[in-house]
Every structure is written in C-alpha cells, then in structure tokens.
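In full-length UniProt numbering, the protein residues as written are 1 to 399.
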C-alpha cells in the first residue's frame, strides 16, 4: 500500500524535494493512522479555474486519499500584491470586492475535486495583516536583495531596467511565511513556483518551526494546441465552468499524444489502468477515439454529472458524426437587413467582426449548413442557422 501511494503521489510530478519526508509521513499514516498537512496556495485573481489549475487540485485529492488534510490557502492578502512569477511587468492590484467574488467562485469549483471533509480553507490575510510593520520588517530581513535577484524573472527585469516594485520582493517571503504559520508538512505548486515553494522550507528553518516542508512541483499543463500552456489569454483552455457540450467537445479535440498527458495529470484512473488502456491502443484492441471519448466523459462528469456527460456525448455524435444541428440553439432576432459579420457578433458566436471576416475567408462559417465565402453578405428577412466551426451555433430571425 505504501509503495502504491508513493507511485500515485509521484505520478506526473516534475520534481520532488525531500521525498524521504513524504515517505515518512505516509508510513506514519499507514502504520499509526497519523494525518499530516499538505498546503497549496491559490491567489483569487480571476473568477474561474481551467483544467490547468486543476492539476494541483488532483494532486491534493491524491494526498487526501492517503491520509492528508489539505490546507487550501486563499491568498486574499497576497492577491493584493499579485504574484510576480513569470511576469515581465508589475501586476495590477485587485480590489477587495473582486477578491471576495473570486474566492466564492474558487472554493465552489475546487470542491468538485477535493474532499470537503478533509479540507481546511485558510486565508492568509488572517495572519499576514496582524504582522504589522515590525513583523514585515523582520520578515524582510531574512533575505538579501542578491538572493531575491536569483529568481529568473526578477533577474531579467532588473537587467532590462524594467521596474520591479519593492512589494513584489515581499511576495515570495509572504508565501513562505504562510508555511511558517500553518506548519505545513508538504507544499505543492507549479514548476514556475519553485523559488516561492523553497522559501517556505527556508523560513520554517529560520523561524524554528521544528520541521521543513517537503515540496512537490507539478508541470504546467499544455492547452488545446498541445504546445503552449493552458491559458485564457491564449484561448486554448478548457474552463471548469464550461458548458457540458463545450467541455466534452474540447477534450475530444486534443491530439492523441496530448490525451495521455491529460490521463496522467487529470484522470482518477490508476497508473495500472492507464497502462492497460495504452497497451490496448498500441496493440489495436482499443481505438484512440474511444479512449479519448472515455476521458471526455470522465472530465465532463466530474464538473457536471454523469447524465450531462452522456448527453454531451450523444449531442456531439449527433452534430459531428451525423452532421446534424444541435437540439438546443440560442435564438436571436433583429429588425431589418444585417451584415453577416455583424450578425455573428450579435449572436455571440464571434468576438469581433474582424474575426468573423477571417473565419468566413477560411471557410469556417456556415449558414443553414452551407459554407459561405462572401464577407460582404447581407442577411435579409428570414430565419437562419448560423454556425462557426464545429461547436458554435445560433438561430437568427431577421424581421
């Protein structure tokens, strides 16, 4: 059981620092029933999570399976600074109102994966705000500027004369102090967080916490393109709050190679089960499309439910395999003749008329299931089924 737990915890990880400590914690759990704490911090800087964020949540859920209590840390203090990791400029400071809204959204989405009974939601404002000026100065004195400039992003900005706010230097110290206050046994984060994660180990020693947390780093999940990291700004993401049909279709759109990455980092299937599935694909007894379909059902059911996931599968087959129109399409109307590009924007299936024109030129736009190529087309009185790509539909009535 211990070795199985270690394999599942190591699964998909990019780097583990102090694996011996993790093994001791697990051994104490299996032999003596002792629980331990695993911390992960989330700054509520946006209202919604995407599957890239859930890689950490999946790993937290694995730890919970093997005796951990999760410290789900909401950075409602550090969010007011903004994590400078990987940033080429100082981040915009969030308002308290935005932070509060995002907190509600984050926790609701997180508990679709985490066991709420084994999770403690903690807010770093509760201990960082009372530190006061004296406490902050004491914390700042634990690290030199030279050490801080060892961080790659800070070093690049310093070399290029790009401004670095002093408050940004405080961010890794504050994240590290979270581990001091919480006395965390393990902290997990992305590979881009290594400097900040190690700060927790260093400060636990500095503040004589009598322990140093182990650190587990997870890789950054690639987006739908299979190349760049999953990101809303790159529009290559699958959102946790995506509609079931969209979520199912997006998972099916990933490449066969990326599918195995999703299985490793996002699926709840064991490593042995995944190995069996992979062997089936390799020997031809399983078709990759069916394997990917099962993954899409699993992920869609996790964030919605089994019934909606099955409905999404049936709808996908109806629309794509049989070239039919979806059962439910949002309806719009307008008075008088309308330019096709404007119609696509008004029906919320294109973000702009310029994007609409590009998609028309590329043959991605259909009217009543027929491709169009005229970017100047005017729609006169009548009813039209507008379609962009394979998943975006709208019904337009021109009065």
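Backbone N, C-alpha and C define an ideal beta-carbon position, used for all residues, glycine too.
In whole angstroms, what separates the C-alpha of residue i from that of residue j?
i: residue 223; j: residue 30; result: 37 Å
i: residue 114; j: residue 243; result: 21 Å
i: residue 374; j: residue 6; result: 59 Å
i: residue 90; j: residue 168; result: In this prediction, residue 90 scores a pLDDT of 48, lower than 50, which makes its location untrustworthy; the coordinate-derived value is nonetheless stated afterwards. So the two alpha carbons sit approximately 8 Å from each other.
i: residue 86; j: residue 315; result: With a pLDDT of only 49 at residue 86, under 50, the local geometry of the prediction cannot be trusted, and the value read off the model is given with reservation. Their Cα atoms are separated by approximately 40 Å.
i: residue 393; j: residue 369; result: 10 Å
i: residue 37; j: residue 174; result: 19 Å
i: residue 260; j: residue 328; result: 32 Å
i: residue 112; j: residue 318; result: 28 Å
i: residue 343; j: residue 382; result: 13 Å
i: residue 234; j: residue 371; result: 27 Å
i: residue 196; j: residue 176; result: 7 Å
i: residue 219; j: residue 276; result: 24 Å
i: residue 351; j: residue 359; result: 11 Å
i: residue 238; j: residue 266; result: 12 Å
i: residue 88; j: residue 160; result: With a pLDDT of only 45 at residue 88, under the threshold of 50, the placement of this residue in the model should not be trusted, and no figure is reported.
i: residue 44; j: residue 151; result: 23 Å
i: residue 2; j: residue 205; result: 28 Å
i: residue 116; j: residue 193; result: 25 Å
i: residue 182; j: residue 306; result: 37 Å
i: residue 11; j: residue 282; result: 21 Å
i: residue 247; j: residue 333; result: 27 Å
How would you call residue i, buried or exposed, if buried means at least 16 neighbouring beta carbons within 10 angstroms?
i: residue 320; result: exposed
i: residue 130; result: exposed
i: residue 302; result: buried
i: residue 304; result: buried
i: residue 96; result: exposed
i: residue 250; result: buried
i: residue 356; result: buried
i: residue 102; result: buried
i: residue 240; result: buried
i: residue 166; result: exposed
i: residue 363; result: exposed
i: residue 341; result: buried
i: residue 39; result: buried
Pull up the CB-CB distance for residue i and residue j, whole angstroms please, since I reckon it's below 8 Å.
i: residue 9; j: residue 62; result: 6 Å
i: residue 60; j: residue 164; result: Contact doesn't hold; Cβ gap of about 31 Å is too wide.
i: residue 214; j: residue 81; result: The pair is not a contact, with the Cβ atoms about 26 Å apart (cut-off 8 Å).
i: residue 179; j: residue 203; result: 7 Å
i: residue 398; j: residue 338; result: 6 Å
i: residue 313; j: residue 297; result: 6 Å
i: residue 110; j: residue 57; result: 6 Å
i: residue 361; j: residue 387; result: About 16 Å separates the two Cβ atoms, so there is no contact after all.
i: residue 64; j: residue 118; result: 5 Å
i: residue 217; j: residue 190; result: 7 Å
Kindly say whether residue i, judged by its beta-carbon, lies nearer than 8 Å to any beta-carbon of chain E.
i: residue 360; result: The chain inventory of the structure shown lacks chain E, comprising one protein chain alone.
*asked:* In chain order, what are the residue ranges of uninterrupted beta strand (DSSP E) at least 3 long that sit wholly in the UniProt domain "RNA-binding S4" (338-399)?
replied: 365-367, 382-388, 392-398
*For the segment 284-292 against the segment 254-274, are there 3 or more C-beta pairs whose distance is under 8 Å?*
yes
*Touch check for the segment 154-163 and the segment 64-74: three-plus C-beta pairs under 8 Å?*
no
*Would you say the segment 18-27 touches the segment 43-50, given that touching needs at least three Cβ pairs under 8 Å?*
no
_Entirely enclosed alpha helix (DSSP H) segments - the segment 142-220, minimum 4 residues_ = 145-148, 152-159, 166-182, 194-206
*Decide if the segment 261-274 is in contact with the segment 227-235; the criterion is three or more beta carbon pairs, one per stretch, under 8 Å apart.*
no
*Which runs of the alpha helix (DSSP H), 4 residues or longer, sit entirely within the segment 35-101?*
51-65
*Return the chain-ordered ranges of every alpha helix (DSSP H) run that is complete within the segment 273-333 and spans a minimum of 4 residues.*
288-303, 306-316
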